[in-house]
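The structure under discussion appears below in the form of structure tokens.
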Amino acid sequence: MKILVAGGAGYIGSHVIVELYKKGHKAVCVDNLYNSKIKAVKNIEKLIGEKLPFYKIDCCDKKKLETAFKKEKFDAVMMFQGYKAVGESVTKPVAYYRNNIDSALTIIELMDKYNVHNVMFSSSATVYGKNAKSPITEKDKALILNDITNPYGETKAMIEKILTDKAHADKRFNVVLLRYFNPVGAHDSGLLGEDPNGLPNNLMPYVAKVATGKLPYLKVYGNDYKTKDGTGVRDYIHVVDLALGHVAALKCYKKKKENVHIYNLGTGKGTSVLELVKAYEKASGKKVKYKIVARRAGDVDRLYCKPAKANKELGWYAKRDLYNMCLTSYNFENK
Ligand code: UD1
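Mind the numbering: the sequence shown is residues -7 to 327 in our numbering, read in order.
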């Protein structure tokens, strides 16, 4: 298939493009490089061994994005574009709603105009809301939008709804919604990984900076949760496994019976903050200093999934373990 990858220079999109090429697909990368670098495109090219068609375009800019739709004939679109910093979304909600919803609507309108009907959306476990009980299955639902704790998460839920409504109205549309748990780790080559601007908000990129001496210590947000060691438990999934989940989900486009397909992409295993710190120390051979501090607002004690539906229907399993997630993260950070 020839696939438009919106946000293809970013952390997850870049890994997906590499796995698409490995399976004989082709991609066209569209990215405004707001939160990514042209170097990622060059590194993807090193890994796929050929030139990657690249358009430096903001997906909210319909006129410019249309040039890509006019020139290329896409079989499918994968949407990774959008702002993704949870904390920032609380202080800049309008920017998040404008950018994330606008870019999605623009892409969908152009898909309509150019007869592209297959779309895959990078969604998040955050759509299950703060009251969901782990292990979470696809049938669990945030009952009201306010169960979602931040505007970033709300844009994910809203775009899921927009795509679902479109699929119900137009049976030619085939929508895949992939709900990620906590993507971490990096490509084995050390060429692709998560490179956030400024201070990282998420746990593993922060631990990476402590292990490499760029930050003095990790703040562990609370050790009084109802979990095995009191620290928060999450379902960390290796970004390469996550990328392979997208490739496996392409088979949904062959199914004609239903046209909205929803999958959890996680390992199904819960890991605490302190377990992750220990695994990171083992993989890196470095000490990760930490201090226990107060809980972070909005955090829940545990969040992990049941990936049985993706296992059964897509034949996809997350295979990389926590050690490998830490090792690849450390190698990337060191480069
Ligand atoms: C968050 C988002 C999720 C998003 C994901 C990846 C929410 C509710 N969830 O997940 O939508 O997809 O990031 O971008 O906002 N922790 C520390 N110290 C730190 C950082 C984190 O102790 O410096 C702890 C947290 O309290 C939590 C765990 O580590 O228990 C994981 O946190 P984080 O990596 O930020 O991910 P989530 O909050 O689970």
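Glycine is no exception: its CB is placed at the ideal position from the N, C-alpha and C atoms.
Under the DSSP definition of a beta bridge, which residues are partnered with residue i?
| i | result |
| --- | --- |
| P175 | I229 |
| L257 | Y172 |
| S115 | R171 |
| D23 | K48 |
| C297 | I128 |
| I284 | V212 |
| T263 | R226 |
Assign residue i to buried or exposed, taking buried as 16 or more other Cβ atoms, counted over all protein chains shown, within 10 Å of its Cβ.
| i | result |
| --- | --- |
| P208 | exposed |
| E325 | buried |
| T141 | buried |
| N35 | buried |
| E186 | buried |
| L191 | exposed |
| K148 | buried |
| H160 | exposed |
| N166 | buried |
| A286 | exposed |
| T83 | exposed |
| E152 | buried |
| D233 | buried |
| E11 | buried |
| I30 | exposed |
| V86 | exposed |
| N92 | buried |
| R376 | The shown model of the chain, from -7 to 327, leaves out residue 376, and the question about it has no answer. |
How is residue i classed by DSSP in three states: helix, strand or coil?
| i | result |
| --- | --- |
| H109 | coil |
| N166 | strand |
| T147 | helix |
| K55 | helix |
| K(-6) | strand |
| S28 | coil |
| V252 | strand |
| K18 | strand |
| K357 | The structure shown has nothing for residue 357, since the chain only spans -7 to 327. |
| L191 | coil |
| A310 | coil |
| Y217 | coil |
| K327 | coil |
| V10 | helix |
| S321 | helix |
| S181 | coil |
| T98 | helix |
| L39 | helix |
| T141 | coil |
| E152 | helix |
| L234 | helix |
| L207 | coil |
| N303 | helix |
| E186 | coil |
| K201 | helix |
| V328 | The first residue shown for the chain is -7 and the last is 327, placing residue 328 beyond what the model contains. |
| A289 | coil |
Every unbroken beta strand (DSSP E) inside the region 57 to 94 [3 residues or more]: For the beta strand (DSSP E) assignment, the uninterrupted runs of no fewer than 3 residues enclosed by the region 57 to 94 are, from N- to C-terminal side, 68 to 71.
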